[in-house]
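Protein chains: 2
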Amino acid sequence: MILDEAGPLALGSRLRRLSERLTEDAASIYKAYQTELKPKWFPVFYVLSGHGTMPVTTLAAEIGHSHPSVSKIVREMLVADLVKQHSDPHDGRRNLVGLSAKGIDLSLKISDQYTDVQEALLSLFDQTRHNVWKALIEFEYMLEQQSLPERVLACRKRRESPQVRVIPYIPEYRSDFKRLNSQWISTYFIMEALDHQVLDHPESYIIDRGGHILVALYKEQAVGVCALIPLESSEYDFELAKMGVAPEVRGLGIGWKLGRAIIEKAKALGARSLYLESNTVLEPAIALYRKLGFKKINGGPSPYKRSNIQMALTLVSSDAPPE
Amino acid sequence: MILDEAGPLALGSRLRRLSERLTEDAASIYKAYQTELKPKWFPVFYVLSGHGTMPVTTLAAEIGHSHPSVSKIVREMLVADLVKQHSDPHDGRRNLVGLSAKGIDLSLKISDQYTDVQEALLSLFDQTRHNVWKALIEFEYMLEQQSLPERVLACRKRRESPQVRVIPYIPEYRSDFKRLNSQWISTYFIMEALDHQVLDHPESYIIDRGGHILVALYKEQAVGVCALIPLESSEYDFELAKMGVAPEVRGLGIGWKLGRAIIEKAKALGARSLYLESNTVLEPAIALYRKLGFKKINGGPSPYKRSNIQMALTLVSSDAPPE
DNA sequence: TATATTTAGGTACCTAGTTACGTAAACAGG
DNA sequence: CCTGTTTACGTAACTAGGTACCTAAATATA
């Protein structure tokens, strides 16, 4: 089978195949023991036989299915006369499900089958060098600690990090500056008049007024931008603004690199404090600002409608966040 | 989760849950890499990107799916313009499927993603005491050697074997003798007149003519029977006939115990050869007779219509099959 | 060479799960 | 106490696979 060459890349496919196989095997084992139980009923049956009566959603949580799935299974088992249900007298929404007399009878008769299956599996595990059962439990535990997408992203970051550079703005990047900002603005909000002015004329609105723009390059393409705008008549020296990272490279730490670089730039310019405005729907951005050392403040009114949170950073070189 | 108390009994459920989780994770990884590939397309895509063009059924075999599944996946990928198909000029039935230009392009761009996923998985495996990937491969290999139902049956056999006894027939078992034989006869054939006579009157047709019947008891219930009928004007001394085992206890070695006991009985009676008639559709029975030492012969005509195979066993005490 | 069998692969429908959504009961806040 | 929100859970529709069955082409056989 060519697919096997894919190795762990095909882990999902392999697991699916194996679980299907085991379901078939389970069906034939039930048949051999004359147990009138479908494999898909087993989780519900098992939980009910050990723990009496419970509502559908609790059952669903206890077996790790969605509640409609349990609802369907219960309906099928009702037809097979294995369970009975009645509504909870204390809570009319609840449908309490429990084993019927026939179900209890089956739960007693099935113990021999459990014993044999358990023994067969345990002796199978004993004959292997790598214990699947323990491996599965451990693997699920590891995924709980950090999900697979997170782990993969971490690998990508490590691999691609050297290909990311942060450089000062030159007019060549004007269209990128606009593109990378209008992308997120128009996704979550609507472009305001001031946006168009600043993004169309960064030189006159930012650079010429003593501000700075940094551009992040990935494989020599501009994928992130960030501006430092001097503030007048404010307790803060500069505003960190117009930060945007292309969606396809998010998660690679480009925002962090831009932020760190712009803070260094501010320090080099002698700034003692930075200010920024954002919106709480931009959760990853807020998290980044916090990680960069910004703290929430209550400042004055903003020229942008979308602003609903203001943050500030005091630049004392000794307590800068670690790289 | 209460279901976790079931331990390995819930192996199937656990595998299903994990494979569903990985499929979701895969989808989000594809999204992060802007790869326009559904997780379910991966097996087909992977095989095609490595091995050019191939017909649908070959693809199905290479990824371990049914051909309708591949047919559907190919249709979806066709809409996404990832594959192209054309019928084989040498064989009009075949639908040759290969990657399109866009598909080939994707197969080049996806290699970074493969690298990261592979690295993430391998480093995850390295951090565990029990390697899931190796465990899965080994587990599947073990199941190929002997299926789970077979292993469970073996456990059941070992557990229940002490509860099986073979005893000589007494008239109390007349109805069991009839029930256990008519069960298999009417399942595969139809009851003939001679069947009714022998099964209704075993004393006069078998015992009184010098024959013998043995009964297998399981938990004190009659679950198997077997008769030894003296043959006249034949080169064989006795016929082994009317062997029947209740379907719910098949696989526990009851047929073997009955067969061994009846052979011992024949030896004790001084027989030097046994004969039997059967039908090749009764595969487990034929296999049992062979295991007991019977060999196929070409004898004369049979009184039973259902007979299409005849077997014989020469009883030389020295070369009896081992217990 | 005609006919029977096998093979490739499409369509229809089944299965075991899901998400989305609606309704009614319970609960919480003014 | 009323009203808005949450919760329980049923129904509907979707998804990713499967089996059953059909047709047409290729192959084997009489």
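The listed protein sequences derive, respectively, from chains A and B. Quick note: the numbering used here has the first sequence finishing at residue 323, numbered continuously throughout. Quick note: the numbering used here has the second sequence finishing at residue 1323, numbered continuously throughout. Virtual Cβ for every residue (Gly too), placed ideally from N, Cα, C. Predicted model, so just to flag it, every value in this text is computed and none were measured.
Tell me, please, whether the CB atom of M1054/B is closer than 7 Å to any CB atom in chain A? no
Among A227/A, Y188/A, A26/A, nearest to P202/A - alpha-carbon criterion: A227/A
Please report whether the beta-carbon of L1003/B lies at a distance below 7 Å from any beta-carbon of chain A. At least one CB atom of chain A sits nearer than 7 Å to the CB of L1003/B.
Contact between the region 150-164 of chain A and the region 1163-1174 of chain B is defined here as three or more beta-carbon pairs at a separation below 8 Å; is this criterion met? Not touching, per the Cβ criterion.
So with CB distances below 7 Å, who are the chain B contacts of A268/A? The premise fails here: A268/A is roughly 34 Å from chain B at the closest Cβ pair, so nothing lies under 7 Å.
Looking only at C-alpha atoms, which of W1133/B, L1214/B, I1104/B, L1108/B sits nearest to Q1118/B? Closest by C-alpha distance to Q1118/B, out of W1133/B, L1214/B, I1104/B, L1108/B, is W1133/B.
C-beta contact flag for S1278/B and A1268/B at 7 Å: no
With respect to 6 Å, is the separation between the Cβ of D88/A and the closest non-hydrogen atom of the ligand COA below this value? Absent from the structure shown: the ligand COA. Ligands present: none.
Return yes when the Cβ of V1249/B is within less than 7 Å of the Cβ of Y1188/B, no when it is not. no
Please confirm if T58/A has its CB atom under 7 Å from at least one CB of chain B. no
Under three-state DSSP, which class holds V1215/B? strand
Going by DSSP, what residue range makes up the beta strand (DSSP E) through F1238/B? 1238-1245
Can you tell me whether DSSP reads K1040/B as helix, strand or coil? helix
Residues of chain A with a CB under 9 Å from the CB of Q1034/B: which are they? P247, E248
Name the residue from E220/A, M243/A, I110/A, L148/A whose alpha carbon lies nearest to the alpha carbon of N181/A. M243/A
Is V1223/B close to chain A, meaning its C-beta is less than 7 Å from at least one C-beta of that chain? no
Would you list, in sequence order, the uninterrupted alpha helix (DSSP H) runs of no fewer than 4 residues that lie entirely inside the region 1127-1195 of chain B? 1132-1145, 1148-1160, 1174-1188
Can you tell me where the alpha helix (DSSP H) holding R260/A begins and where it ends? 254-268
With DSSP as the reference, label P1303/B as helix, strand or coil. coil
Measuring CB atoms only, is the region 310-317 of chain A touching the region 287-296 of chain A, in the sense that at least three cross pairs come out at less than 8 Å? yes
So, at 6 Å on beta carbons, what are the nonlocal neighbours of Y275/A in its own chain, with the 5 sequence-adjacent residues on each side left out? Y236, E239, A312
If contact is defined by three or more beta carbon pairs under 8 Å, each pair taking one atom from either stretch, is the region 1017-1030 of chain B in contact with the region 1068-1075 of chain B? The region 1068-1075 of chain B makes no contact with the region 1017-1030 of chain B: fewer than 3 CB pairs, one atom from each, lie closer than 8 Å.
Beta carbon proximity, H1196/B to chain A, threshold 7 Å: False, the Cβ-Cβ gap to chain A never drops below 7 Å.
Spell out a yes or no on whether the region 88-105 of chain A and the region 1085-1098 of chain B are touching, meaning 3 or more CB-CB pairs, one atom from each, closer than 8 Å. no
Residues in the same chain with beta-carbon distance under 7 Å from G1211/B, minus the five sequence neighbours each way, listed in chain order, please. A1227, L1228, I1229, P1230
Is there a Cβ of chain B sitting closer than 7 Å to that of Y218/A, yes or no? no
Residue range of the alpha helix (DSSP H) that M1/A falls in? Neither: M1/A is in no alpha helix (DSSP H) and is coded neither H nor E.
Using a C-beta to C-beta distance shorter than 8 Å, which residues of chain A count as neighbours of M1142/B? L124, Q127, T128
Spell out a yes or no on whether the region 38-56 of chain A and the region 74-82 of chain A are touching, meaning 3 or more CB-CB pairs, one atom from each, closer than 8 Å. Counting C-beta pairs with one atom in each stretch, the region 38-56 of chain A and the region 74-82 of chain A have three or more that are closer than 8 Å, which means they touch.
Which residues bound the alpha helix (DSSP H) around P1068/B? Going by DSSP, P1068/B is part of the alpha helix (DSSP H) stretching over 1067-1079.
Please compile the residues from chain A whose C-beta is within a distance smaller than 8 Å of the C-beta of S1013/B. F42, P43, I63, G64
Start-to-end residues for the beta strand (DSSP E) that takes in T314/A: 309-314
Using CA coordinates, which residue listed in P1008/B, P1055/B, D1004/B, L1048/B is at the minimum distance from G50/A? D1004/B
Nearest-angstrom Cα separation, counted from K1178/B out to S1307/B: 19 Å
Contacts of I1029/B in chain A (Cβ-Cβ under 9 Å): Within chain A, L148, P149, V152, L153 have C-beta atoms less than 9 Å from the C-beta of I1029/B, given in sequence order.
Beta-carbon neighbours of E138/A, restricted to chain B and to distances below 7 Å: T1128, R1129, H1130
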